[in-house]
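Our numbering runs 476 ahead of the 1-based position in the sequence shown.
A virtual CB, placed ideally from N, CA and C, is assigned to each residue, including glycine.
Note that the structure is a prediction, hence the values are computed from the model and not measured.
What follows is one structure encoded as structure tokens, with my remarks underneath.
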Amino acid sequence: MAQLHFQIDPHSGLPVYRQMMDQVKYYVAAGTLKAGELLPSIRELAQSLAVNPTTVVKAYSELEHAGVIEMRHGKGAFVSDGASALSEREREKALRRLARQLAVEATQMGADGKLVARVVQEELAALRESEP
């Protein structure tokens with residue numbers, strides 16, 4: 477199972493189950509989650525995020541309906557074979573959400589676009605250098 481870090485923002489305005497869905501879709505689009513890979517159990521995820529298990533059930537159910545995951549009775553939730561087909565479109569949507577969040581926070585800090593762009597480019601370069 478891939479190491480996943482879910483973050484729930486109670487102030488985002490998005491329901492918790494949607495935040496969970498978006499993050500699973502992001503991990504699939506980014507290639508962190510691959511077809512056939514097992515997701516955390518409902519109980520595990522609910523405990524780690526301190527949310528009601530029915531919230532996780534709703535997220536997983538919606539993801540299954542969208543074709544991103546498949547539920548296997550008694551075995552858990554797995555990334556579906558067709559999930560990677562969503563990749564490019566979902567990746568761009570996820571990046572736009574992250575960029576929007578960064579833009580909002582940078583604006584609140586008084587940072588201008590040039591500084592934000594420079595810092596993002598430096599961080600991308602640092603990540604590339606650290607890759608094997």
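Asked: Residues that Glu546 bridges to, as DSSP identifies them; Found: Phe554
Asked: Cβ pair Lys501, Glu546 closer than 7 angstroms; Found: no
Asked: Leu574 in three-state terms, based on DSSP; Found: helix
Asked: Nearest residue (CA-CA) to Leu544, options Leu521, Met496 and Ala579; Found: Residue identity differs from the one stated: residue 544 is Val in this sequence, not Leu. Among Leu521, Met496 and Ala579, the Cα nearest to that of Val544 is on Met496.
Asked: Proximity below 7 angstroms, CB of Ser524 to CB of Gly552; Found: no
Asked: Leu514 - partner residues in DSSP beta bridges; Found: Phe554
Asked: Touch test, the segment 526-543 against the segment 479-494, Cβ-Cβ under 8 angstroms, three pairs minimum; Found: yes
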